[in-house]
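Each residue of the sequence shown is one higher than the last, beginning at 4 in the working numbering.
Backbone N, C-alpha and C fix where the C-beta goes; we use that ideal spot for every residue, glycine too.
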Amino acid sequence: EKTINLELKEDKKNGWFGRAVAGAGSDLNAGGSDGGDELRFEGNLSLNRFKPGQQISILGMGNNVNQAGFSIDDYLAFSGAMRQMMGGGGGRVQLQFNQDGDNDLPLDFGDNQGFLRTWAGGVNFNQEFGKKADLNSSYMYSNSDKEYGRTSTRQSFLPDGDFSTLSQSAENNITDNHRLNLTYDQKIDSFNSVQFNSAFTYSQREAFSGSGSQTFGAGQVLQNEGNRTYQSDASGTNWTGNLLFRHKFARKGRNFSANVNFGLNNNDSESSSISENKFFDDGGQAARVDTVAQDQLFANDVGNWGARGTYTEPLGKRRYLEFNYGYFRTENRADKDVYNVTNGERYYDDLLSNTYTNIFGYHRGGAGFRINR
């Protein structure tokens, strides 16, 4: 996790600004063993419109030079942090983002291995409706195609003999992601306000991997050989929402808030794997072949919702008494079916397959004493 503090000058809070970068060239390694494309390209577009009470940002990028996402400057403009700095008060903002990709848009942290092609684009719209309403919204799409390969040779020296191992592996991962965010803040009057937050994501992923190894004994005689392939298709959706009501009483420091939230998550995947191991005798003939082939289907649905209320009572001299109560419920259903494949026929595996449903709810209440210094 990284934290950056930024401040925007007053004369930069109105108007249009943007940036466009494009480049292309031939790959010196094209046609070689690295699997590189003949043409390398990179393009990046950023367009932003700021005026009092409104921000519109458009981003787009594409490349096959191992850049996984946007820069921090693009993140500032797109996420709405730039609009926050353009507001009143000192125009100061603190950003926090994670390297695991759980951000409003894909970011490039470097250290990208393999051959990566990336496309991404999105739009952000923020609008203030007078002094009582504020809308923040964004949509982002990203696609990546990553190829990765490795070859290694290992030599081992033991008292009873030497042996060497040759290993090769290759991976290919293709992902599609859609992300939609919405926040609406409404000030009803000087005592009441409502805020609604919602986020929706949809993702698809195709994965393929293959690996092989050979072990040679004295005189480079083949002893065993192993090969494994794996491929999967997965998709997932996630939708969350939160509704917050806030009420301030006439007495300073006396407040009440009510919060309702929900979450819906769905993940489905299909995968298949084949593993083959051959063991050779001293004459180099296959003495035994072990093969394991499996197909797997997986589905997982999770739903949760909750409600919480909080009341704060001032006691004077910066002392407060707080009461809260909430109820939360979660339902989790999962179904995993595993099939062993023999001679093209699938046989259900009871030991590795399972289905479960987990439902639980709980009440939580509390009281606390607080002193503000």
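Nearest-angstrom Cα separation, counted from residue j out to residue i
{"i": "Asp-338", "j": "Gly-306", "result": "15 angstroms"}
{"i": "Asp-236", "j": "Glu-273", "result": "5 angstroms"}
{"i": "Leu-318", "j": "Asn-195", "result": "22 angstroms"}
{"i": "Tyr-351", "j": "Leu-300", "result": "11 angstroms"}
{"i": "Gln-70", "j": "Arg-120", "result": "8 angstroms"}
{"i": "Met-64", "j": "Leu-50", "result": "12 angstroms"}
{"i": "Thr-345", "j": "Asn-270", "result": "28 angstroms"}
{"i": "Lys-281", "j": "Leu-161", "result": "23 angstroms"}
{"i": "Arg-208", "j": "Ala-302", "result": "15 angstroms"}
{"i": "Asn-343", "j": "Leu-355", "result": "10 angstroms"}
{"i": "Asp-298", "j": "Asp-353", "result": "13 angstroms"}
{"i": "Leu-267", "j": "Tyr-328", "result": "23 angstroms"}
{"i": "Ser-155", "j": "Gln-171", "result": "7 angstroms"}
{"i": "His-366", "j": "Leu-247", "result": "19 angstroms"}
Proximity to residue i [Cα-Cα], best of the options
{"i": "Thr-294", "options": "Ser-356, Leu-119 and Ser-276", "result": "Ser-276"}
{"i": "Arg-22", "options": "Phe-44, Ser-60 and Ala-310", "result": "Ser-60"}
{"i": "Ile-362", "options": "Asp-304, Arg-254 and Thr-186", "result": "Asp-304"}
{"i": "Leu-62", "options": "Gly-117, Thr-358 and Trp-122", "result": "Trp-122"}
{"i": "Ala-310", "options": "Ala-289, Thr-333 and Glu-316", "result": "Thr-333"}
{"i": "Asn-66", "options": "Val-224, Gln-58 and Gly-124", "result": "Gly-124"}
{"i": "Gly-220", "options": "Gly-213, Glu-228 and Gln-171", "result": "Glu-228"}
{"i": "Arg-157", "options": "Asp-163, Gly-164 and Thr-168", "result": "Thr-168"}
{"i": "Gly-371", "options": "Tyr-323, Asn-230 and Gly-213", "result": "Tyr-323"}
{"i": "Gln-58", "options": "Glu-41, Gln-189, Gly-239 and Trp-19", "result": "Trp-19"}
{"i": "Gln-226", "options": "Ser-238, Gly-286 and Asn-200", "result": "Gly-286"}
{"i": "Lys-320", "options": "Gly-164, Glu-45 and Ile-374", "result": "Ile-374"}
{"i": "Asn-241", "options": "Ser-206, Gly-222 and Asn-127", "result": "Ser-206"}
{"i": "Gly-164", "options": "Val-224, Phe-118, Leu-138 and Arg-153", "result": "Val-224"}
{"i": "Thr-3", "options": "Glu-41, Gly-239 and Asn-230", "result": "Here the chain comprises residues numbered 4 to 376, so residue 3 is not present and cannot be evaluated."}
Beta-carbon spacing of residue i, residue j below 8 angstroms
{"i": "Ser-145", "j": "Asn-175", "result": "no"}
{"i": "Val-68", "j": "Arg-43", "result": "yes"}
{"i": "Phe-166", "j": "Thr-243", "result": "no"}
{"i": "Tyr-151", "j": "Leu-183", "result": "no"}
{"i": "Thr-315", "j": "Asn-245", "result": "no"}
{"i": "Ser-260", "j": "Tyr-233", "result": "no"}
{"i": "Phe-331", "j": "Gly-369", "result": "no"}
{"i": "Lys-190", "j": "Lys-149", "result": "no"}
{"i": "Arg-336", "j": "Thr-313", "result": "no"}
Burial state of residue i, where buried means 16 or more other Cβ atoms lie within 10 Å
{"i": "Phe-53", "result": "buried"}
{"i": "Ser-147", "result": "buried"}
{"i": "Asn-357", "result": "exposed"}
{"i": "Phe-283", "result": "buried"}
Any chain D beta carbon closer than 8 angstroms to residue i
{"i": "Asn-269", "result": "Looking for chain D here will not work: only one protein chain is present."}
Note down, one range per segment and in chain order, each alpha helix (DSSP H) of at least 4 residues found wholly within the region 205-249. none
Which whole runs of the beta strand (DSSP E) in the region 283-365 are 3 residues long or more, in chain order? 289-319, 322-345 and 348-351, all fully within the region 283-365.
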